Each structure stands twice: as C-alpha cells, then as structure tokens.
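Chemist:
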Amino acid sequence: MDNKRVREDSSPKRIPLVEQNKSVLSVPKKAGFTRRWVNDDPKVPGLRIAAFRQAGWRIVEEDVSVGTEGVTNQNQTLGTGARKYNGSGGTMILMEIESKYYDEDQAAKMAKIDETERAIYGGEGIDNKLKIGSIGVEDIYVTTK
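Quick note, this note's numbering runs 13 ahead of the 1-based positions in the sequence shown.
1. Check whether the region 96-116 touches the region 54-74, taking contact to mean three or more Cβ pairs, one atom from each stretch, closer than 8 Å.
2. Is there contact between the region 39-50 and the region 108-120, where contact requires at least three CB pairs shorter than 8 Å?
3. Take the Cβ of ILE62 as the centre, count every other Cβ of all protein chains shown within 10 Å, and call the residue buried at 16 or more, exposed below.
4. With DSSP as the reference, label ALA44 as helix, strand or coil.
5. Rounded to whole angstroms, what is the Cα-Cα separation between PRO55 and GLY100?
6. Should LEU60 go down as buried or exposed, given a rule of 16 or more other Cβ atoms within 10 Å for buried?
7. Compare the C-alpha of GLU109 against each of VAL51, PRO25, SER23 and ILE28 and name the closest.
8. Which value, in whole angstroms, describes the spacing of the CA atoms of ALA124 and PRO29?
9. Going by DSSP, what residues sit across from ARG49 in a beta bridge?
10. Taking DSSP as the reference, what is the three-state secondary structure of ILE72?
11. Which word fits THR129, buried or exposed, when buried means at least 16 other C-beta atoms lie within 10 angstroms of its C-beta?
12. Exposed or buried, ILE106, counting other C-beta atoms within 10 Å across all chains shown (16 or more means buried)?
13. How big is the Cα-Cα spacing for VAL57 and ASP127?
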C-alpha cells in the first residue's frame, strides 16, 4: 500500500504582470453611457458629487468589478455605489451619464476653447495660422543676409 500524500497547490492563480496592464480604475462599459470616476472633496463631502448630479450624472449603483479581473481587493464598494479610496484621504465615486449628454457637454467645452483661440489668434484660429500680433511662426525662420 502506497501511502504518499499529494500536496495540493492552494496558492491563488498567478497572473503575470504583463497581463495586469489594465488600470485599477477600469470598469465595464455600458452601452449608451459614459462613465468616469469623480473625486469627492473630503473637506466638503458631497459638494462635487451634487454638482455632477445637477449636470445629469448619476452614481453607478450596480455591482461592478473594478480593475483587473482576477486581481484581488480591487473593488472598494462601500454602501451604495462603486467607490474607491483615492490615496489622499478622499473617495472616488463611479458616475455615469447618457453618452448623448456627454457629447453635448464636450462640444460646448470645445466651442469655448475655439472662441478663446480665435481671440488669441486674431480671428483666424489656430488651424489657419499660428499668429500673435504681427509676428507669425514663419517669421522665426527668416534669415537675414
């Protein structure tokens, strides 16, 4: 009778570092929505979150996996909504908005940037000619003999 003990490997499955290249903040996408982590200010808790909610964002209440699949202790869900500590004493809260509203907001933000650039570059915009006052980029490369 052979009385050998077979040692079972009880260590967790090894995940090489090259396979752990997913951000610790990555979350599953949701069709038709844009998600992002929002830092809640520890000095005035809830103020920034309230501003996002007023703009149409909502807290992701569903149970979501956060970070690389298989890496333990990545999901910090505290109470309702997905949350993570940000390392500086505050908390990040996962929020989402319908993509159509997100796209509208981004277009409005870009319109303000375009307006500023037109004012800086004499109405021409940065795409046409990099010009400030009467000196342009092409003037830098003119050599005198």
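Cβ atoms here follow ideal geometry from the backbone N, Cα and C, with glycine treated the same way. Computed from a predicted model, the values in this text were never measured in an experiment.
Modeler: So, from the listed chains and residues:
1. Yes: at least three Cβ pairs fall under 8 Å.
2. Touching, yes.
3. Position 49 of the sequence shown, counted from the first residue, corresponds to residue 62. Counting of Cβ neighbours within 10 angstroms places ILE62 among the buried residues, the total reaching 16 or more.
4. Translated into positions along the sequence shown, residue 44 becomes position 31. DSSP places ALA44 in coil when its eight states are reduced to three.
5. Your numbering for residue 55 matches position 42 in the sequence shown. Your numbering for residue 100 matches position 87 in the sequence shown. The straight-line gap from Cα to Cα measures roughly 12 Å.
6. Position 47 of the sequence shown holds residue 60. That one is exposed.
7. Translated into positions along the sequence shown, residue 109 becomes position 96. For GLU109, the closest of VAL51, PRO25, SER23 and ILE28 by C-alpha to C-alpha distance is VAL51.
8. Sequence index remark: in the sequence shown, residue 124 carries index 111 (1-based). Sequence index remark: in the sequence shown, residue 29 carries index 16 (1-based). The C-alpha of PRO29 is placed about 44 Å away from the C-alpha of ALA124.
9. Position 36 of the sequence shown, counted from the first residue, corresponds to residue 49. In the DSSP assignment, ARG49 forms a beta bridge with MET108.
10. On the sequence shown, residue 72 is found 59 positions in, with the first residue counted as 1. ILE72 falls in the strand class under three-state DSSP.
11. As a working mapping, residue 129 is identified with position 116 in the sequence shown. Label assigned to THR129: exposed.
12. Looking up residue 106 in the sequence shown gives position 93. Flag for ILE106 reads buried.
13. In the sequence shown, counting from the first residue as 1, residue 57 sits at position 44. In the sequence shown, counting from the first residue as 1, residue 127 sits at position 114. Cα-Cα distance, rounded: 33 Å.
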